[in-house]
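For the record, in the sequence shown the residue sitting at position 71 is 106 according to the numbering used here, with numbers rising by one throughout.
Contents: one structure, followed by commentary.
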Amino acid sequence: MKKTNANIFYSNPKIYSENLDNQKVPASIFRQELVTWQYTEDGIKRTTITRNFSNGKHTDSYTSEPISLKKSLTVNK
């Protein structure tokens with residue numbers, strides 16, 4: 036699995052972001068999420084990268100959810 040580039044997020048609410056042509060990041064931003072949907076052999080996968088801001092620092096987290104689209108085997112009653 037390829038690693039998603041987290042550098043597309045603001046890095047700090049108090050400094051300039053290179054991704055926005057040096058526009059200052061608003062102090063009102065406390066959370067960012069990047070959601071990616073990807074087709075897989077069994078269905079689709081939803082990947083979410085979250086960046087939370089607090090006290091001039093940030094914390095990143097990553098969640099991956101497989102969503103199966105294949106029919107499951109069921110027992111008829």
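Here a beta-carbon is modelled for each residue, glycine too, at the ideal position from N, C-alpha and C.
Cβ neighbours of residue i in the same chain (closer than 6 Å, five flanking residues each side left out)
| i | result |
| --- | --- |
| THR85 | GLU68, SER96 |
| GLU100 | ARG81 |
| HIS104 | According to the sequence as given, residue 104 is Leu; it is not His. Closer than 6 Å at Cβ, skipping near neighbours: GLY78. |
| VAL70 | THR83 |
As assigned by DSSP and simplified to three states, the class of residue i
| i | result |
| --- | --- |
| LEU104 | coil |
| PHE88 | strand |
| ASP95 | strand |
Local Cβ density within 10 Å of residue i, reported as buried at 16 or more and exposed below that
| i | result |
| --- | --- |
| PHE65 | exposed |
Residue range of the beta strand (DSSP E) that includes residue i
| i | result |
| --- | --- |
| THR71 | 66 to 74 |
Chain-order list of residues whose beta-carbon lies under 8 Å from that of residue i (same chain, five-residue window excluded)
| i | result |
| --- | --- |
| THR75 | PRO101 |
| SER89 | PHE65 |
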